[in-house]
Amino acid sequence: MAKEKFERFKPRFFEAEDFLFSRAPEEDNIMLYAYFKQATQGDAMLIQHQTEFIDQVKWDAWKSLEGTSEEEAFECYCKKVVEMLKDIGEDAKEYLEPMDE
């Protein structure tokens, strides 16, 4: 069900993600990345060797979701986007309206 919701509102989710990127806490953005990667690519298989600290943090977050199903990861992604938009409040209302069901 979550994957269907994501597919139906994909452009809105990506617009919301862009909107959230500079407004939401970095930890929340990292979890969005992790849920999306888990939902679309499955478990992180390779050992990550990054020189950038943030890349390692993102990979670690994705790796922490190992074993999470595609459907569950999509559900978590969708819920996290809506939760983050609600936390921002009135400025995010236009993104919430079609997705908050």
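Reminder that position 97 of the sequence shown reads as 389 in the working numbering, one-by-one numbering, no gaps.
All residues carry an ideal CB built from backbone N, CA and C; glycine is no exception.
Under the three-state reduction of DSSP, Ala336 is assigned to coil, being neither helix nor strand. When C-beta atoms of the segment 352 to 367 are compared with those of the segment 316 to 332, three or more pairs fall below 8 Å, so the two segments count as touching. Counting only the Cα atoms, Met337 lies some 31 Å from Leu377. Contact annotation: Ala308 and Phe366 have beta-carbon atoms that are not nearer than 8 Å. Contact annotation, Glu358 with Asp335: C-beta distance approximately 5 Å; criterion of less than 8 Å satisfied. Judged by DSSP in its simplified three-state form, Ala365 adopts helix.
Of the residues Thr360, Leu312, Ala316, the one whose Cα lies closest to the Cα of Gln330 is Thr360.
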